[in-house]
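Trainee: Before I ask anything, here is the structure I am working with.
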Amino acid sequence: MSFFSRSSASNQPSQQPYSRPPPGSTSSVPSSGQRVPTPRYDDPRMYEKQGGYSHRRTPSASSRGGGAFSVVSAPNDQLAFTNCLIVNPSDFHQGQHVIAKQQYPLTVRHDNTGKISPGSVGAGSLQRQWIGLSLTGDSVTVEPYPHTPSYLGSVDIEAGFLRRGHEIPEAFSADELAQNFIRAYNGIMLSVGQLLIFEFHGQNLKLQVTGLQTVELVNAPPVQGHGAASGVLMEKTDVTFIKAADSAIKLKSSAKKAPPNAILAPNFKFEDMGIGGLDSEFSTIFRRAFASRVFPPSIVEKLGIQHVKGILLHGPPGTGKTLLARQIGTMLNAREPKIVNGPEILNKYVGASEENIRKLFADAEKEYKAKGDESGLHIIIFDELDAICKQRGSTQGGTGVGDSIVNQLLSKMDGVDQLNNILIIGMTNRLDMIDEALLRPGRLEVHMEISLPDEKGRRQILNIHTAKMRTNSIMDHDVDLLELAQLTKNFSGAELSGLVKSATSFAFSRHVKVGTMAGISDDVENLRVNRSDFMNALEEVTPAYGVAKEELEQVIQNGIIFYDQVINDILRSGELFIDQVRTSTRTPLVSLLLHGPPGSGKTALAATIARASDCPFMKLVSPDDMVGFSESQKVAAISKIFSDSYKSPLSVIVVDSLERLLDFTPIGPRFSNSVLQSLLVLFAKRPPKGRRLLVIATTSLRPVLTDLGLSESFDSEIRVPPVSNLRSLEVILNEVDLLKNPRDREHTMQMLQQAGFGGDNETGGINIGVKKLLSMIEMARQEPEAVGERLVTSLMGL
Numbered sequence: 016m017s018f019f020s021r022s023s024a025s026n027q028p029s030q031q032p033y034s035r036p037p038p039g040s041t042s043s044v045p046s047s048g049q050r051v052p053t054p055r056y057d058d059p060r061m062y063e064k065q066g067g068y069s070h071r072r073t074p075s076a077s078s079r080g081g082g083a084f085s086v087v088s089a090p091n092d093q094l095a096f097t098n099c100l101i102v103n104p105s106d107f108h109q110g111q112h113v114i115a116k117q118q119y120p121l122t123v124r125h126d127n128t129g130k131i132s133p134g135s136v137g138a139g140s141l142q143r144q145w146i147g148l149s150l151t152g153d154s155v156t157v158e159p160y161p162h163t164p165s166y167l168g169s170v171d172i173e174a175g176f177l178r179r180g181h182e183i184p185e186a187f188s189a190d191e192l193a194q195n196f197i198r199a200y201n202g203i204m205l206s207v208g209q210l211l212i213f214e215f216h217g218q219n220l221k222l223q224v225t226g227l228q229t230v231e232l233v234n235a236p237p238v239q240g241h242g243a244a245s246g247v248l249m250e251k252t253d254v255t256f257i258k259a260a261d262s263a264i265k266l267k268s269s270a271k272k273a274p275p276n277a278i279l280a281p282n283f284k285f286e287d288m289g290i291g292g293l294d295s296e297f298s299t300i301f302r303r304a305f306a307s308r309v310f311p312p313s314i315v316e317k318l319g320i321q322h323v324k325g326i327l328l329h330g331p332p333g334t335g336k337t338l339l340a341r342q343i344g345t346m347l348n349a350r351e352p353k354i355v356n357g358p359e360i361l362n363k364y365v366g367a368s369e370e371n372i373r374k375l376f377a378d379a380e381k382e383y384k385a386k387g388d389e390s391g392l393h394i395i396i397f398d399e400l401d402a403i404c405k406q407r408g409s410t411q412g413g414t415g416v417g418d419s420i421v422n423q424l425l426s427k428m429d430g431v432d433q434l435n436n437i438l439i440i441g442m443t444n445r446l447d448m449i450d451e452a453l454l455r456p457g458r459l460e461v462h463m464e465i466s467l468p469d470e471k472g473r474r475q476i477l478n479i480h481t482a483k484m485r486t487n488s489i490m491d492h493d494v495d496l497l498e499l500a501q502l503t504k505n506f507s508g509a510e511l512s513g514l515v516k517s518a519t520s521f522a523f524s525r526h527v528k529v530g531t532m533a534g535i536s537d538d539v540e541n542l543r544v545n546r547s548d549f550m551n552a553l554e555e556v557t558p559a560y561g562v563a564k565e566e567l568e569q570v571i572q573n574g575i576i577f578y579d580q581v582i583n584d585i586l587r588s589g590e591l592f593i594d595q596v597r598t599s600t601r602t603p604l605v606s607l608l609l610h611g612p613p614g615s616g617k618t619a620l621a622a623t624i625a626r627a628s629d630c631p632f633m634k635l636v637s638p639d640d641m642v643g644f645s646e647s648q649k650v651a652a653i654s655k656i657f658s659d660s661y662k663s664p665l666s667v668i669v670v671d672s673l674e675r676l677l678d679f680t681p682i683g684p685r686f687s688n689s690v691l692q693s694l695l696v697l698f699a700k701r702p703p704k705g706r707r708l709l710v711i712a713t714t715s716l717r718p719v720l721t722d723l724g725l726s727e728s729f730d731s732e733i734r735v736p737p738v739s740n741l742r743s744l745e746v747i748l749n750e751v752d753l754l755k756n757p758r759d760r761e762h763t764m765q766m767l768q769q770a771g772f773g774g775d776n777e778t779g780g781i782n783i784g785v786k787k788l789l790s791m792i793e794m795a796r797q798e799p800e801a802v803g804e805r806l807v808t809s810l811m812g813l
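Sequence positions in the sequence shown follow my numbering and run 16 to 813.
Take a look at the structure:
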């Protein structure tokens, strides 16, 4: 039997001979010469009105029963295209629902050719393939459908050409295909896995039901038996056509509903994928890059836009850029992403590097030429993108390979032959090194900074890394993840992972046998990771963008001596500046200059103010760390510290001894103009949105800053005075406990008055920095028999 000869009338769906007969139509049976009335589909005897839907009653099997039937071919193509089981009118009612082999629900249709004799059933080749029948004397049991049939709310159907390997340039509308399908087969029973043959636009299509959902009608009896896997097609059924994987058919997705290959699973969660703290970033990525892909291509085509082709993830190391890109590739309903490390593209042979770029796009180009906008999504992930996409002209090599790679990538992403089925995800720690042409719209247009996680994000990450500990009851109950999230300011995701591993190492160490490095104690089953383990780990694991704890402690190791009210005033002013930068919406950048004579404690006061701020990022810019640096190295080091501060929500930078950083010398005079210009820019540069910065600088040469024009960069100045009276000196002596005997203390103060340093209320006799004074006190302490005399002698030598 051939399925490929159809009359021209069959191209008109409303006139197809196998569509539902109009009400009151009849069917002639040539064998008897009599006209047998065909039951109407809207015959009130066959339908019950229930809940607004017409609900068919199954005919009684008393007059027309089932049994074993011999299998024959469908009498002609017209009957084969009905996808019904063709029977003799004496065996079953027209349109009756039956079940073959006790598991294949079908609808029967009367033979109008007289070729089907009683006791035989005619089936098309696809029906025989689905049920498993042959024409060589095979028989099949066919019984009336034993239950009240369900009605289909929706049905998913795979479509492809009947002839294998057939291909045409025309793209079929899924909406039109669904309308014609319902018009042709309204009232027949469909079930999952059923094979159908359908003619559309002169092409024979092979269909397969891949999924369905039934609806519950009001006052309908409960569904039993096969009802859950089958149902009757009706006019309100939502039919979705999907392209068969092994067919070259082209389908235009429905404009009324999203395509079947949804971008994301509806129950998608980052925690399930091992990612925490990036919910807001992913929401932005989804809106910019994936939202347009959720909608049908026909709607996107009406808007006249193209999908986003590139995403660039940048930010500090360890924040989850590579992990996010890898999981984006796996969570999307697309092909396995191609992951490329930047250096792997490079090849020593001429033209080979460019060829490696072209190979990455070959599959996407081939499919896009064949399927156009119906093509699937191809994802290419570039790790360490700055290795191959540096600014053109910046490389010193004479081969020009780097520039050629950038040019090749630019042309493939948005060249003359544009592709709309690709998504490039690039990752880098150095956004400033990427060629600008790659960053424009049409290429890597979505720039997403993956910054350090906030407290909520840190808690999510800790929750992920400790999930198995809690599941297996290895983490002690005294561990509070919220407390750890509060204590781990400016920790990246990688550093939080390191913190958990460090804590487990402390737990392991408690179960090592005494006197051995490799033996395990007998109570290892009691292994628990407790709060003290995490506290010890916090001392061991420090964030890269955190507090320079050792540097700040070093400059204030002797503490602050409150020898005068002015010291309290300076620290109080520092607290006000901290509150200003923390809360003010108008001043995200505040700069403060502490100036005074050498050794007056400026650096210690600046470090004390910084530590009191409790900011997650604190750094000390000191000339001590830049001994031997060239001008360019100094500029790079200072710029990096300021750049790192912009990654933290709240930062404090202490710039110590400005005149030493500038290489200032009064002979000449000489100074480093490069460093000066850099400081002028950095002191006035506002941090990015959502970031706040306090800069505290110190100098012993305040007039020099005026000459250099640097003093105008500061919002406020505070003078740190020297020790200038005997009362302050006495407070310092008592604080350091130099003179323990009251008589010795009184005698020493009398000697200082006699030496001309003035009385308690005089301020002109002493003018010495507290740092130098403390050094003299320590030197005098080395001569216990004459401490007072030694101190007075040292002060008189000034």
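Even glycine gets a Cβ: it sits at the ideal position worked out from N, Cα and C.
Only a predicted model underlies this, so the values are computations on that prediction, with no experimental measurement involved.
Which class does T151 belong to by DSSP, given the choice of helix, strand or coil?
Mentor: In the structure shown, T151 sits in coil (DSSP, three-state: anything other than H, G, I, E or B).
Trainee: What is the DSSP secondary structure of R796, reduced to helix, strand or coil?
Mentor: Note: R796 maps to helix in three-state DSSP.
Trainee: What number of angstroms, rounded off, separates the C-alpha of L810 from the C-alpha of I682?
Mentor: Their Cα atoms are separated by approximately 30 angstroms.
Trainee: Given this structure, state the Cα-to-Cα distance separating D678 from N782, to the nearest angstrom.
Mentor: If I take the Cα positions, the gap works out to 27 angstroms.
Trainee: My output table needs one value for Q117: the three-state DSSP class, helix, strand or coil.
Mentor: Three-state DSSP puts Q117 in coil, outside helix and strand.
Trainee: For a minimum of 4 consecutive residues, which ranges assigned as the alpha helix (DSSP H) are wholly contained in the stretch 130-216?
Mentor: Complete alpha helix (DSSP H) runs here, min 4: 140-146 and 189-200.
Trainee: Which value, in whole angstroms, describes the spacing of the CA atoms of G561 and R302?
Mentor: Taking the straight line joining both Cα atoms gives about 32 angstroms.
Trainee: Just verifying my parser: in three-state terms, what is the DSSP assignment at V365?
Mentor: V365 falls in the coil class under three-state DSSP.
Trainee: Going straight from the alpha carbon of G803 to that of S658, what length do you get?
Mentor: Cα to Cα, G803 sits roughly 51 angstroms from S658.
Trainee: Just curious, the alpha helix (DSSP H) that G589 is in, first and last residue?
Mentor: From DSSP, the alpha helix (DSSP H) with G589 extends over Q580 to T598.
Trainee: Work out the CA separation of L514 and D629 for me, nearest whole Å.
Mentor: So the alpha carbons of these two residues sit roughly 21 angstroms apart.
Trainee: DSSP three-state call for H13: helix, strand or coil?
Mentor: It is not possible to answer for residue 13, since the shown part of the chain is limited to 16 through 813.
Trainee: Nearest by alpha-carbon distance to K374: which of K427, K405, G330 and R485 is it?
Mentor: For K374, the nearest C-alpha among the options comes from K427.
Trainee: For A522, which of F549, F256, N505 and I440 has the nearest alpha-carbon?
Mentor: For the residues F549, F256, N505 and I440, the minimum Cα distance to A522 belongs to F549.
Trainee: Please report the distance separating the alpha-carbon of N545 from that of K471.
Mentor: For N545 and K471, the distance between alpha carbons rounds to 22 angstroms.
Trainee: Extract the residue ranges of the alpha helix (DSSP H) inside the stretch 439-488, only unbroken runs of 4 or more that lie entirely within it.
Mentor: With a minimum length of 4 residues, the continuous alpha helix (DSSP H) runs that stay inside the stretch 439-488 are 470-480 and 482-486.
Trainee: I'd like the ranges of any alpha helix (DSSP H) spanning at least 4 consecutive residues and lying wholly in the stretch 613-675.
Mentor: You should have 617-628 and 646-660.
Trainee: At 4 residues or longer, what runs of the alpha helix (DSSP H) sit wholly inside the stretch 723-796?
Mentor: Correct list: 741-751, 757-769 and 785-796.
Trainee: From L676 to I476, what does the alpha carbon distance come to, in whole angstroms?
Mentor: In a straight line, the C-alpha of L676 is about 40 angstroms away from that of I476.
Trainee: Determine the direct distance from the alpha carbon of N756 to that of R805, and round the result to whole angstroms.
Mentor: Taking the straight line from one Cα to the other gives about 16 angstroms.
Trainee: Report all residues from its chain with a CB closer than 6 angstroms to the CB of A627; omit the five preceding and five following residues, and keep chain order.
Mentor: No residues qualify anywhere along the chain.
Trainee: Hey, quick one: how far does the beta strand (DSSP E) through R303 stretch, first residue to last?
Mentor: Unbroken run through R303: none, as it is neither H nor E.
Trainee: Per DSSP, F256 forms a beta bridge with which residues?
Mentor: Note: F256 sits in a beta bridge opposite I172.
Trainee: Given 8 angstroms as the limit, is there contact between the stretch 433-448 and the stretch 389-405, that is, 3 or more CB pairs closer than that?
Mentor: With a cut-off of 8 angstroms, the stretch 389-405 and the stretch 433-448 count as touching, because enough Cβ pairs lie within range.
Trainee: DSSP on Q228, reduced to helix/strand/coil?
Mentor: Residue state, collapsed to three classes: strand.
Trainee: Nearest by alpha-carbon distance to Q406: which of S368, L446 and I372 is it?
Mentor: Considering only alpha carbons, the answer is L446.
Trainee: Helix, strand or coil: which one does DSSP assign to V690?
Mentor: V690 falls in the helix class under three-state DSSP.
Trainee: I need the boundaries of the beta strand (DSSP E) containing V87, first residue and last residue.
Mentor: Its beta strand (DSSP E) spans residues G82 to S88.
Trainee: Report the CB separation of T618 from I575 in whole angstroms; it is logged as a contact under 8 angstroms.
Mentor: Not quite, the Cβ-Cβ distance comes to about 11 angstroms (not below 8 angstroms), so this is no contact.
Trainee: For the alpha helix (DSSP H) containing K324, name the first residue and the last one.
Mentor: Here K324 belongs to no alpha helix (DSSP H), and DSSP marks it neither H nor E.
Trainee: Is the beta carbon of S333 less than 8 angstroms from the beta carbon of E510?
Mentor: The sequence given here places Gly at residue 333; Ser does not occur at that position. A contact, by the Cβ cut-off of 8 angstroms.
Trainee: Grab me the residues of P703's own chain with a C-beta within less than 6 angstroms of its C-beta, minus the 5 sequence neighbours each way, in chain order.
Mentor: Y661.
Trainee: Does any heavy atom of the ligand NAP sit closer than 7 angstroms to the C-beta of I582?
Mentor: As far as ligands go, the structure on display features none, and thus does not contain the ligand NAP.
Trainee: Rounding to the nearest angstrom, what Cα-Cα distance links L248 and D126 in this structure?
Mentor: So the two alpha carbons sit approximately 22 angstroms from each other.
Trainee: For the beta strand (DSSP E) holding N356, just list the boundary residues, first then last.
Mentor: Its beta strand (DSSP E) spans residues K353 to N356.
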